[in-house]
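Counting in my numbering, the sequence shown runs from 431 upward without gaps.
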Amino acid sequence: MTEQDIELRNEALVEDILSGDIQAFRETFIDMHPYDQGQFFIEQTSDIRMHIYEYLSPDEVALIMENISIDEVLPFFTEMDAEYAAMVLSDMAIDDAVDILNLMSKDQVASYLTIMEKEAATDIKELLHYEEKTAGSIMTTEFVAFYKNETAKSAMQQLKKVAPDAETIYYLYVLDENKRFIGVLSLRDLIVSDEDILIEDIMNENIVSVSVGKDQEEVAQMMRDYDFLALPVIDFQHHLLGIITVDDILDVMEEEATEDYSKFAALSGPEQAIDSPVHAAKKRLPWLIILLFLGMFTASLIGQFEDTLEQVTLLAIFIPLIAGMAGNAGTQSLAVAVRGIATGQFGKRSKWQMLVQEGLTGFMIGAVCGIVITFVIFIWKGELFLGMLVGISILATLFVATLSGSIIPLLMTKLKIDPAVASGPFITTINDIISILIYFGIATAFMNLLI
Numbered sequence: 431m432t433e434q435d436i437e438l439r440n441e442a443l444v445e446d447i448l449s450g451d452i453q454a455f456r457e458t459f460i461d462m463h464p465y466d467q468g469q470f471f472i473e474q475t476s477d478i479r480m481h482i483y484e485y486l487s488p489d490e491v492a493l494i495m496e497n498i499s500i501d502e503v504l505p506f507f508t509e510m511d512a513e514y515a516a517m518v519l520s521d522m523a524i525d526d527a528v529d530i531l532n533l534m535s536k537d538q539v540a541s542y543l544t545i546m547e548k549e550a551a552t553d554i555k556e557l558l559h560y561e562e563k564t565a566g567s568i569m570t571t572e573f574v575a576f577y578k579n580e581t582a583k584s585a586m587q588q589l590k591k592v593a594p595d596a597e598t599i600y601y602l603y604v605l606d607e608n609k610r611f612i613g614v615l616s617l618r619d620l621i622v623s624d625e626d627i628l629i630e631d632i633m634n635e636n637i638v639s640v641s642v643g644k645d646q647e648e649v650a651q652m653m654r655d656y657d658f659l660a661l662p663v664i665d666f667q668h669h670l671l672g673i674i675t676v677d678d679i680l681d682v683m684e685e686e687a688t689e690d691y692s693k694f695a696a697l698s699g700p701e702q703a704i705d706s707p708v709h710a711a712k713k714r715l716p717w718l719i720i721l722l723f724l725g726m727f728t729a730s731l732i733g734q735f736e737d738t739l740e741q742v743t744l745l746a747i748f749i750p751l752i753a754g755m756a757g758n759a760g761t762q763s764l765a766v767a768v769r770g771i772a773t774g775q776f777g778k779r780s781k782w783q784m785l786v787q788e789g790l791t792g793f794m795i796g797a798v799c800g801i802v803i804t805f806v807i808f809i810w811k812g813e814l815f816l817g818m819l820v821g822i823s824i825l826a827t828l829f830v831a832t833l834s835g836s837i838i839p840l841l842m843t844k845l846k847i848d849p850a851v852a853s854g855p856f857i858t859t860i861n862d863i864i865s866i867l868i869y870f871g872i873a874t875a876f877m878n879l880l881i
């Protein structure tokens, strides 16, 4: 459908809602893709959404909620009737329902768990106690598992019964008599096998799994490396607790990327375009206050070289140039380092290789920029030695700034701190201080030649 067709369809849906033509609305809306349903839903006013709740069953609304971003979905549950909202949560995929409940207060969670169906509440409670951002918090318990001594025929019969409620059936999991996870079976292998063959004879024992407490970012890297559609989650006794599906990992990757971007931009938390100015200011202020004091330290540092500036005032012209080049070079190096750490590209050996590579890169960039600025200052001001001093300062600052942009995130990783915290503004301010020290240190050392 073209954008115009979608717009006309949505206008017709709104007219059906306002006119009370439930049948016409349902005929069009139910045939839409769940993503399109979600996009239509979030664009409507609260009054129209109240009609939609009336016209759709809880399981139909649950499908809509599963296709709306977790950052946008919470207000919709607030406006629903509590019992209706509880039924919607019961009909959602367990992992999605848990994600939403984790955004609510403890009182709200307790209220919904009390109202909803006992079976759904029990399943949700099992996942709620896992620590946030771990494999346990993003897994689902809606998977298909067989015992190793079952036949392919009995497994196929069982699969037909449980498939409608399973998150995925492309991977089937095999347990031993003690319910320990021992193998995996593809749907294809089950279909093409003889009916009387035992599951243990056709299962794949070369399994990959993650512990329930593993960090979700590491799980995402494993899913990417192995190209799995689903990844089993086990406890310390190798019992199968749940699975993590690729759609959950896509959400994790988006969440982690947003979080890293926020830290890289010196924000205290992810910021949405719909945030109020007050809310946005609260997220931006903490780091800016820290950077403000670091900036004051930089200013006081320049004051320590007051005598040098008084004797050669021309030096002041090039302070923004030196500091700006150092900040830019450091940010570039920081981006390379954070990216390498986030994607798991750096082993112990390759980290040293990266430092050597970044150091050589910084030296080459500094040498070229230093030579260029030397000739520019000589032609502009007729001061060859001043040009050489600025050029040498740029060479030294770009070399050091490039190295610091790599070393700081690696050091933070060693200290178990998210390297994205070494944000662009932070590394820029640190390199400002370093560049000022180098620039005025060299200028002071060769003051006699400058005068």
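Just so you know, even glycine gets a beta-carbon here, dropped at the ideal spot from N, CA and C.
| query | result |
| --- | --- |
| How should K583 be labelled, buried or exposed, when 16 other C-beta atoms within 10 angstroms of its C-beta is the threshold for buried? | exposed |
| Using three-state DSSP, classify I599 as helix, strand or coil. | coil |
| Under 8 Å between the Cβ atoms of A759 and G792? | yes |
| How many whole angstroms separate the CB atoms of Y483 and Y514, which I take to be in contact at a CB cut-off of 8 Å? | 6 Å |
| Find out if the Cβ-Cβ distance for the pair Y560, V614 is shorter than 8 Å. | no |
| Let me check understanding here. Comparing Cα to Cα, which of A492, K555, T675, V649 lies closest to V574? | T675 |
| Got a sec, what are the start and stop residues for the beta strand (DSSP E) A593 sits in? | Counting along the chain, A593 falls outside any beta strand (DSSP E), and DSSP gives it neither H nor E. |
| Which residue from K609, S834, M586 puts its Cα closest to that of Y600? | M586 |
| Within 10 angstroms of the Cβ of Y656, are there 16 or more other Cβ atoms? Answer buried if so, exposed if not. | exposed |
| Taking the alpha-carbon positions, what's the V682 to I809 distance? | 55 Å |
| Excluding the five sequence neighbours on either side, which residues of its own chain have a C-beta within less than 8 Å of the C-beta of D659, listed in chain order? | It is Leu, not Asp, that sits at residue 659 in the sequence shown. Taken in chain order, the residues that qualify are T598, Y600, Y601, T675, V676. |
| How big is the Cα-Cα spacing for T761 and E648? | 25 Å |
| Under the three-state reduction of DSSP, which class applies to H559: helix, strand or coil? | coil |
| Ordered along the chain, which non-local residues of its own chain (more than five positions away) have a Cβ less than 6 Å from that of G817? | T804, I807, F808 |
| On the DSSP bridge list, what partners appear for T570? | I673 |
| Given that a residue counts as buried once 16 or more other Cβ atoms are within 10 Å of its Cβ, and exposed if not, what is L661? | buried |
| Please classify V604: does DSSP put it in a helix, a strand, or coil? | strand |
| Using a Cβ-Cβ cut-off of 7 Å (strictly less than) and excluding sequence neighbours within five positions of I704, which residues of its own chain qualify? | Low confidence applies to I704: its pLDDT is 47, below 50, so where it sits in the model is not reliable, and the reading given next is rough at best. Contacts found: none. |
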